[in-house]
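Numbering (UniProt numbering), first residue to last: 1 to 188. Quick reminder that beta carbons are idealized off the backbone N, C-alpha and C, glycines included. Worksheet: one structure, shown below.
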């Protein structure tokens with residue numbers, strides 16, 4: 001099983017964590033067919049399977065702050081887990097190693113995978129949302145959002161908004177005051 005070490009699938013999985021988010025997004029499109037091809041050729045062992053899922057999770061940590069990358073990487077992670085879990089049960093240990101992961105959520109994900117014995121062609125939204133919940137502590141965030149503290153003001157008084165002022169003096173309720181200007185007793 002040493003084929004995977006210096007192979008095309010391995011290089012594509014390494015490209016997922018490159019510093020350039022666009023390159024990572026493009027590598028995401030290549031990773032699924034490369035992994036499927038390596039599995040079809042029987043060139044993936046238990047260690048390589050865990051490393052493949054680990055590479056996708058690492059890419060989520062690095063590029064999860066970008067919405068396009070996050071969506072593509074979550075889809076790839078679900079597909080990777082879905083295809084590798086029945087073949088290599090140790091792949092679940094990669095998800096168990098995530099800090100503060102809920103064992104009940106992992107069991108629910110495995111139950112959903114067991115319920116669908118067909119070929120994983122389309123990603124179920126519930127599986128993707130559950131996988132996102134499991135990996136939420138891993139998904140990278142923008143530096144500006146890392147230490148943001150939500151502020152809630154409970155007793156905020158209502159603001160009195162001033163109604164729109166008339167555009168001209170003629171539209172005003174008291175008029176333009178022209179009659180006072182031309183009155184006989186007006187100062188000159």
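Distance, Cα to Cα, residue 103 vs residue 50?
Numbered from 1 along the chain shown, position 103 holds the residue referred to as residue 103. Numbered from 1 along the chain shown, position 50 holds the residue referred to as residue 50. Their backbone Cα atoms lie some 18 Å apart in a straight line.
Grouping DSSP H, G and I as helix and E and B as strand, with all else coil, what is residue 32? The residue labelled residue 32 in the question sits at position 32 within the chain shown. In the structure shown, residue 32 sits in a helix (DSSP, three-state: H, G or I).
Please state whether DSSP places residue 67 in a helix, a strand or coil. Locating residue 67 in the chain shown gives position 67, where the first residue counts as 1. Of the three classes helix, strand and coil, the one that applies to residue 67 here is helix, per DSSP.
Once the 5 residues before and after residue 8 are set aside, which same chain residues still bring their CB inside 7 Å of it?
Here residue 8 is taken as the residue at index 8 of the chain shown, counted from 1. Closer than 7 Å at Cβ, skipping near neighbours: 34.
Boundaries (first-last residue) of the alpha helix (DSSP H) holding residue 126
Against the chain shown, residue 126 aligns to sequence position 126. Boundaries of the alpha helix (DSSP H) harbouring residue 126: 125-134, taken from the DSSP string.
* **Beta-carbon gap between residue 24 and residue 15 smaller than 8 Å** => Numbered from its first residue, the chain shown carries residue 24 at position 24. Numbered from its first residue, the chain shown carries residue 15 at position 15. Yes, they are a contact pair.
So, using beta-carbon positions, are residue 17 and residue 72 closer together than 8 Å?
As a first step, residue 17 must be located in the chain shown, where it is residue number 17. As a first step, residue 72 must be located in the chain shown, where it is residue number 72. No; because the gap between Cβ atoms is not below 8 Å, this pair is not in contact.
Pull up the distance between the alpha-carbon of residue 87 and that of residue 129, whole angstroms please. Here residue 87 refers to the residue found at position 87 when the chain shown is read from its first residue. Here residue 129 refers to the residue found at position 129 when the chain shown is read from its first residue. The alpha-carbon atoms of residue 87 and residue 129 are separated by roughly 23 Å.
Just how far apart, CA to CA, sit residue 3 and residue 44?
-> Counting from one through the chain shown, the residue named residue 3 turns up at place 3. Counting from one through the chain shown, the residue named residue 44 turns up at place 44. Note that residue 3 scores 45 on pLDDT, short of 50, meaning its location in the model is unreliable and no value can be drawn from it.
Can you find the residues in the same chain that come closer than 7 Å, C-beta to C-beta, to residue 62, ignoring five residues on each side of it along the sequence? Translated into the one-based positions of the chain shown, residue 62 becomes position 62. Excluding residues up to 5 positions away in sequence, 17 and 140 lie with their Cβ nearer than 7 Å to the Cβ of residue 62 in the same chain.
Discussion item. Need the endpoints of the alpha helix (DSSP H) that residue 160 sits in, please.
Written reply: Within the chain shown, numbered from 1, the residue matching residue 160 stands at position 160. Here residue 160 belongs to no alpha helix (DSSP H), and DSSP marks it neither H nor E.
If you follow the alpha helix (DSSP H) that residue 256 is part of, which residue opens it and which one closes it?
-> In the structure as shown, the chain starts at 1 and stops at 188, and residue 256 therefore has no counterpart that could be examined.
Can you have a look at residue 76 and say buried or exposed, based on whether 16 or more other CB atoms are within 10 angstroms of its CB?
For the purposes of this step, residue 76 is identified with residue 76 of the chain shown, where counting begins at 1. Residue burial annotation: residue 76 is buried, with at least 16 other C-beta atoms found within 10 angstroms of its C-beta.
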